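Take a look at the structure set out below.
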Amino acid sequence: MSVSIEVNGTKHEIDGDPSMPLLYALRDQIGLRGAKFGCGLGQCGACTVIVDGRAVFSCLMPVSALEGRAVTTTEGLLEDGKPGKVHQAFIDEQAAQCGYCIAGMVMRAQHLLENNSDPSDDEILSGMQTNLCRCGTHAAIIRAVKRAART
Amino acid sequence: MTSPIRTLTRRSLLKGAGGLVVAFSVSRGFGPAAAQAVGTLKSVAEGVVDSYLSIDADGLVTVYSGKIDYGTGVRTGFAQMVAEELSVPLDRVSVIEGDTALTPDQGPTYGSLSTEVGGTAIRQAAATAREAMLTTVAERFDVDKASLTITDGVIGGGGQEISYGELLQGAQFALDVDEDAKLKDPATFTIVGQPIIRDGLPGKITGDFHYMQDFRRDGMAHARVVYPPAIKATLDDVDEASVAHLPDVQIVRKGDFLAVVAEDEWTAVRAAREIRASWTAKESLPDQAEIWEHVRQTPIVKDDVTSDIGNVDSAQGARELKATYDFALHTHGSIGPSCSVADFSDGKLISWSSSQATHRLRRQLANMFSMPEDDIRCIYIEGAGCYGRNGHEDAAADAALISREIGRPVRVQWMRHDEHGFAPHGPPTLIDLAAKIDDAGEVSAWTGEFFIPQGAGGRVALLGATFADLPTSQELNPGGITNDSAIPYRFPNIRTTCHRLETTPLRPSWIRAPGRMQNTFANECFLDEIAAELGVDPLAYRRGLIDQSDARGLEVLDRLAAFSKWDARPSPRETQGETTLTGRGMAYVKYELRRTYVGMVAEVTVDANSGAIRVNRVFVTQDCGQIINPAGVQAQLEGCVIQTTSRTLMEDLTFDRKMVTSLDWASYPIMRFKDVPEVHVDLIDRQNDVPWGVGEPAAVVVSAAISNAVFDAAGIRLRSVPFKPAKVRAALAELRG
Amino acid sequence: MTMKRALIAVVGVGLLVALVAVVIAWQPELDKVDAGRVTDADQSEIARGYDLAQLGNCESCHTAADGEPYAGGRAMATPFGTIYSVNITPDSETGIGTWSLEAFARSMREGVDREGGYLYPAFPYTHFTKMSDADIAAVHAYLRSIPAVRHEAPENDLPFPFNIRLLMAGWNLLFLDEGPLDPVDGQGEDWNHGRYLVESVAHCGACHTPRNAVGAEQSDAALAGAEIDGWYAPALAGDGARGWSAPQLATYLTTGFSRAHGAAAGPMGETVGNLSKVPPKDIAAIATYVASLTDDDAGPIAVVDNGVPDDLAPTHALWVGACAGCHEPAAGSGPGDTNPSYGIALSTGYAVHSPRPLNAVRTIVDGVDHYRDMGGPYMPAFGGSLTADQIADVTRYVRARFSDAGAWSDVDDTVQTALGQKREGDGQ
Ligand code: FES
Ligand code: FES
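Chains as they are written, first to last, in our numbering: chain A, 915 to 1065; chain B, 872 to 1608; chain C, 597 to 1024.
Take a look at the structure:
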């Protein structure tokens, strides 16, 4: 079966097993590396992307559920090939160590700011709570989200 | 599919807080990954300049490092050191890490030694190269060597100039590293000491960065391993029909090793999930409820006496304090499970992985497959942070085995439960401490006994080899885990002994600051217990006990007191029956008694009813000698504090008689945003000194600083990591009587 | 709507009765005591008060979403309108800082506040009335020890006639059976202690007992199961109650999980979060008592797997991609046997057997996210990622595949309701 999905503004036909989660379609068929496999269980957020305005775990999002829906990944936040606003805030704060969690963090932050352009400190913590980081980059990530909210 | 070599262009110039910040790229992406050749392709011998450094005809500098970067920033640090020493712009330096065909064996990347040992060797090679080039040019230009200048890799003097590239024309240096080669004067540094944006960081944010998990090889298949429902088990039967509904699934079975292979990744995931196999599982593990009795009863193979001063037995003391500390089993918890690609063909093996120790891995794979090391090439590609030896080497062995069996390149990606369940883990550690206090209120004797497994710092047996019944060499290297069992305090009689245990539950491995973390936790808590017993301020007490000629140690403590606005008084604090209790505690380490100094203050709130601890603020003062990249150091310190706070407050690996039961983040929770403490960092920069490591030292004081702060707040001693609410509640109930 | 009219009629009659009773219903205002927080009380009494407050879920009801603990303002939807919990911190202006023990005890026993006003039984004083004097005093001591928070809870949003508090005098005449509770002779201490906790402070019946038209628990159907906040609290006694062994239940009540029964989700998840902080002997007592209400030989529920339902074959792809990773791991491979996140046979859970799809739908929509910091069962929320139709399909799929009961009829409406009640930004 074939499913038509819009990813970062471009239509893609995804062939094969309709149960395949979006994560594998992104990584293995579309060639986008931003979303990461971390757990496949909806527990860590490394695979976070935005689908129709909501942050979702792409590891648990079968492509068959996505016909006609629009997906945004961290690559989709680039502006003319340059870092977008949230990207730049993360770069300025050097908010990555190993960075494996970071593309998911960026998408979580993007979703947070899309819904609340002026979040309080508490709202930032709650908004980011879903995603795990093992390197302890949280402090820098929080600074980055605050910076992104300011710019 | 392989990626093109990343171009080495300066991408952007950014103004950052600490001065000029340059975003650049020093890694060649998958450059070496595309290589086909096996064996040793250039000099990799230690002590030879060409092993560490090459400069091509265009003047591009390549650094070859046996130490690798897994998010710590050492790659960037090496590039900064070499660029500085050679006076070339940073964007002309690239770094190849951990490729057995290209890089010297500088030992595994552990122990916070990368910069101090690895970086210093590379810097010395660069200085040797520079001096040699200057000597050559002085002769050629017929000028005094001292009159030559170097600007952006161009040597000038006597009205002439020549670039490194023109001079060398691609030739090798063919020089031994000169240990006395003159190093550049730190006063003239323009690159070292700058908060350069770490290599790869922008790409990690935008999705452009290539991780190990992103690596693909032409003709590659996707595999998943199917590990048994027990640490020790035998595979009885595999129901091949159970995956017949999935396209082109191949089953690999060798001894008790089972894996599935498919053309695409999702099919492999499904096959591993849906295959039916029957196993005979063995109950090989002790009862976790009795873990500390088990540790205490484990046979001791030998004692390592790590300090022995005076005679603790004959020392006089009117009072004796005794306490037992324990530190739970922990898992590395890499956010990205281990992954490896292997290509085993024509009796030769190329293995790509995120191993911290590719040379050591090559020896292990050679042993596993009974083949010459020269027929194996192990190549490092950066993966998710691993903080120690997690499952990378095992995934590499799995991939190599499967590739050999099916005769094509294969990618193995461990699943979350493989990583949590089957990666090796930090061993349980038990520590008994005792002190005698004489009539004058002085400690007359300090005794420490540390129950630590043997071999936890050595080579960990490869899981796939074990299940497939292939040879696997373990190296019972004592490692560094006995470090920091000895103390930096001057008592007249001291004896610290590490009882090396024959076995430990689960495969042991090192996790960030192995041994040092557990040992420092106990020592720094117990010192606090003594200070409380004597009714003295814990910071001042430590200051009086360290070697008074150790100016750097004294400065760290003094600066910490000022920086944290230390409230000097004995602990515990006076309380009036509040239920929300606040307190502050501190801890200090001189890492391994010879390098990085860290002082830390933690401020905590304890909910006297629920037993929940919140770490509000942490102050760190650190002297790590020369700071190569302050932004990198800051990130490491924040990481040390946040990760170790998580380990201290909540992490506890669980197992039943058969295997690990905490197989995911729901059963092994780690700290998340709402509970993250504020981290305040005070760095002492000594540009004229040796650069010491920063990835571990600040981690080792966290548990003790928190425990001591809880004592200050609530009057209870937490001697068992993690400090879960139930333990706190029990201690409070005991205190109430 | 008809239901609501009937209720209004019933309550209209009650109103008349209540008016007659006004004279006897009048309650005096009790004197204010020294204002504010008291921290020098007996520490052991405060500690016991804390335990009881956990057993009573006090904080859960008296804390608004993202609000300060115990400062009130949590909205509780009832068939009669929305009631907001009050501030029970020791703040003198907006909390209970001026309440003497006498005033506090009166509220717990009689449902009357310090000023003499009647409380609504959303505050379960019909249970708390059964507490011992000592336990009421302990809870009072505890609540006086916590930080005072100035916070005015919103006014209740109740239409006439429910906004007439005095009505409750009549209601109390009919339904309030003032305590404390006496032990039952011939039963063990553990059992009696468990019964005492269940009936009084833990107020299990507030969720698990069906209510009559005027919102009172039906005494002839105690713990027989009831709908609550869009979930169904299963029967703990009588027909339909599943067999529990006491140890199983004790584990479930403190970890939120039992391999034979599944995970505690929704409001029960929140309850387990509180019970996990309670001394084991209280939990063991509750487990002993509740287990005694069910049929011991009920045994574990048989694992059912009817295979992929023919008419839901396309939904199978959703199941495989979104659900099977946890719910259908390889038989005999590692995670399946040992970890609550993996391999729980869905057929053992109450949700798929329930006569109504409430719990199945709510679990899919909201996930299970109560144990993230203590460790325990977890399920991500799918309300934000799957569409209503997809959630409905998955609901029908699990019912058909993992239970032998007939198809649910009201799945689509239940999904719509659940999505409507879902908190924005949840889970995923
Ligand atoms: S990989 Fe999707 S949540 Fe972890
Ligand atoms: S930066 Fe490594 S996991 Fe977050």
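For each residue, glycine too, the CB sits at the ideal point set by N, CA and C.
Please read all numbers here as calculations on a predicted model, not as lab measurements.
Residue closest to residue i, alpha-carbon to alpha-carbon, out of the options
i	options	result
A:Ala-1017	A:Ser-1034, A:Leu-992, A:Asn-1029	A:Leu-992
C:Thr-685	C:Ala-631, C:Ile-679, C:Ala-913	C:Ala-631
C:Ile-692	C:Ala-1001, C:Met-727, C:Pro-720, C:Pro-743	C:Pro-743
A:Gly-967	A:Met-1021, A:Asp-942, A:Gly-1050	A:Met-1021
C:Thr-911	A:Asn-1045, A:Ala-939, A:Lys-925, A:Ala-979	A:Ala-979
B:Asp-1271	B:Ser-1205, B:Ala-1094, B:Gln-1389	For clarity, residue 1271 of chain B is Ala in the given sequence; the question names Asp instead. When each option's Cα is compared against that of B:Ala-1271, the closest is B:Ala-1094.
B:His-1296	B:Gln-1187, B:Val-1281, B:Tyr-1412, B:Cys-1257	B:Cys-1257
B:Thr-1337	B:Arg-1440, B:Thr-1300, B:Asp-1127	B:Asp-1127
C:His-723	C:Gln-814, C:Leu-772, C:Leu-845	C:Leu-772
B:Leu-924	B:Thr-974, B:Gly-1292, B:Thr-1151, B:Leu-1554	B:Thr-974
Under 9 Å by beta carbon: chain B residues contacting residue i
i	result
A:Asp-931	Leu-1117, Pro-1118, Asp-1135, Trp-1137, Thr-1138, Arg-1141
Chain-ordered neighbours of residue i on chain A, where CB pairs are closer than 7 Å
i	result
B:Gly-1204	Arg-1048
C:Cys-922	Leu-955
C-alpha distance - residue i paired with residue j, whole-angstrom precision
i	j	result
C:Thr-694	C:Glu-655	19 Å
A:Arg-1057	A:Asp-1035	10 Å
B:Gly-1482	B:Ala-1143	42 Å
B:Ala-1133	B:Val-1123	11 Å
A:Glu-1007	A:Ile-1055	8 Å
A:Arg-947	B:Val-932	29 Å
B:Asp-1246	B:Phe-1215	10 Å
B:Glu-987	B:Ser-1574	25 Å
C:Asn-788	C:Val-780	7 Å
A:Asp-931	B:Cys-1511	43 Å
B:Ala-1597	B:Pro-1443	21 Å
B:Thr-947	B:Glu-1404	47 Å
B:Glu-1509	A:Gly-1050	6 Å
A:Met-1042	A:Gln-1024	10 Å
B:Trp-1223	A:Ile-1038	38 Å
B:Met-1530	C:Tyr-848	22 Å
B:Leu-1534	B:Pro-1100	12 Å
Contact with chain B by residue i, beta-carbon distance below 9 Å
i	result
A:Val-1020	yes
A:Thr-986	no
C:Arg-968	yes
Cross-chain neighbours of residue i in chain E, by beta carbon under 7 Å
i	result
B:Glu-1509	Any reference to chain E falls outside this structure, whose protein chains are A, B and C.
Residue i: contacting residues in chain B (beta-carbon distance under 7 Å)
i	result
A:Gln-1043	Arg-1543, Phe-1544, Lys-1545
Amino acids of chain C, ordered along the chain, whose beta-carbon sits closer than 9 Å to that of residue i
i	result
B:Gly-1454	Here the premise fails: no neighbours, minimum Cβ distance about 17 Å.
B:Gly-1586	By Cβ distance, chain C contributes nothing, its closest Cβ being about 12 Å from B:Gly-1586, past 9 Å.
Chain C contact for residue i (CB, 9 Å cutoff)
i	result
A:Ala-960	no
A:Ser-918	no
A:Val-1000	no
A:Asp-1036	yes
B:Gly-1482	yes
Chain A contact for residue i (CB, 9 Å cutoff)
i	result
B:Leu-1301	no
C:Leu-914	yes
Do the region 1045-1056 of chain B and the region 1487-1498 of chain B meet, that is, are 3 or more Cβ pairs less than 8 Å apart? They do not touch, by the three-pair rule.
Answer yes if the region 1444-1459 of chain B comes into contact with the region 1541-1560 of chain B, meaning at least three C-beta pairs across the two stretches below 8 Å, and no otherwise. No, the region 1541-1560 of chain B does not touch the region 1444-1459 of chain B.
Specify whether the region 1375-1388 of chain B and the region 1189-1207 of chain B touch according to this definition: at least 3 beta carbon pairs, one from each stretch, less than 8 Å apart. The region 1375-1388 of chain B vs the region 1189-1207 of chain B: in contact.
Inter-stretch contact (C-beta, 8 Å, three-pair minimum) for the region 1457-1467 of chain B and the region 651-667 of chain C: Of all C-beta pairs linking the region 1457-1467 of chain B to the region 651-667 of chain C, fewer than three are shorter than 8 Å, placing the two stretches out of contact.
Touch check for the region 1154-1167 of chain B and the region 1112-1120 of chain B: three-plus C-beta pairs under 8 Å? At 8 Å Cβ cutoff, the stretches do not touch.
For ligand 4, residues whose Cβ lies under 7 Å from any non-hydrogen atom: Judged by which ligands are present, ligand 4 is missing from the structure shown, whose ligands are ligand 1 and ligand 2.
Does the region 672-679 of chain C touch the region 743-762 of chain C, meaning 3 or more C-beta pairs lie closer than 8 Å? Yes: at least three Cβ pairs fall under 8 Å.
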